[in-house]
Amino acid sequence: MMKEIGAKAKSKPMPSVICRTWTLCGTPEYLAPEIILSKGYNKAVDWWALGVLIYEMSAGYPPFFADQPIQIYEKIVSGKVRFPSHFSSDLKDLLRNLLQVDLTKRYGNLKNGVDDIKTHKWFTSTDWIAIYQKKVEAPFIPKTKGPGDASNFDEYEEEPLRIATTEKFGKEFEEF
Numbered sequence: 008m009m010k011e012i013g014a015k016a017k018s019k020p021m022p023s024v025i026c027r028t029w030t031l032c033g034t035p036e037y038l039a040p041e042i043i044l045s046k047g048y049n050k051a052v053d054w055w056a057l058g059v060l061i062y063e064m065s066a067g068y069p070p071f072f073a074d075q076p077i078q079i080y081e082k083i084v085s086g087k088v089r090f091p092s093h094f095s096s097d098l099k100d101l102l103r104n105l106l107q108v109d110l111t112k113r114y115g116n117l118k119n120g121v122d123d124i125k126t127h128k129w130f131t132s133t134d135w136i137a138i139y140q141k142k143v144e145a146p147f148i149p150k151t152k153g154p155g156d157a158s159n160f161d162e163y164e165e166e167p168l169r170i171a172t173t174e175k176f177g178k179e180f181e182e183f
């Protein structure tokens, strides 16, 4: 089972029968409420993460963000999502159903499974069979100079490494 989409996530296979796991790991903005609340979780967390990904790709920022992870978690658990004005009503509806705190109402976790998502109005023009058969052309293919070319990405100044002047726990680790 994939814990989140778009990050270097830990994953572990889960049988297709209904089961749960309790591992807390992942990018804070993508964690589903049931992970944060240590309720145990299943593949429904992946549908939550899909909602976060679609939101972030549409808005340019995640639906839940703050300076500290604990603040992000509080926002996620509250379930309150604000949408930019340019989001269509279909997109907002899809996101409300994917970013649903109540597992009994979250798309992908209902009796129709992924079909609730695939048949949603926001995906009306999506040819799922062509995607499965790898017949869909990417809408944008960046030009690259070869493997490892990062010229399409913004450059950021690296922050200097700060080295502690004192060893806070040096005494405890003298033997190492």
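Residue numbers (our numbering): 8 to 183.
Ideal Cβ placement from N, Cα and C applies to all residues, glycine included.
Just so you know, these numbers come straight off a predicted model, no measurement behind them.
Residue environment analysis places residue 165 among the exposed positions, since fewer than 16 neighbouring C-beta atoms fall within 10 angstroms of its C-beta.
Annotation: residue 124 to residue 170 spans about 49 Å, alpha carbon to alpha carbon. Look at residue 163 here: in three-state DSSP terms it is coil, with no helix or strand label. Assignment of alpha helix (DSSP H) within the stretch 44-85, counting only whole runs of 4 or more residues, yields 51-66, 76-85 in chain order. About 5 Å separates the beta carbon of residue 101 from that of residue 127, a gap short enough to meet the 8 Å contact definition.
If the five residues before and after residue 70 are omitted, its C-beta is found closer than 7 Å to the C-beta atoms of 59, 62, 88, 106, all from its own chain and listed in chain order.
For residue 104, the CB contacts under 6 Å within the same chain, skipping 5 residues up- and downstream, are 114 in chain order.
Annotation for residue 104: the continuous alpha helix (DSSP H) segment containing it runs 96-105. Residue 35 is not a Cβ neighbour of residue 91, given a cutoff of 8 Å.
The DSSP assignment places no complete beta strand (DSSP E) segment of no fewer than 3 residues inside the stretch 104-158.
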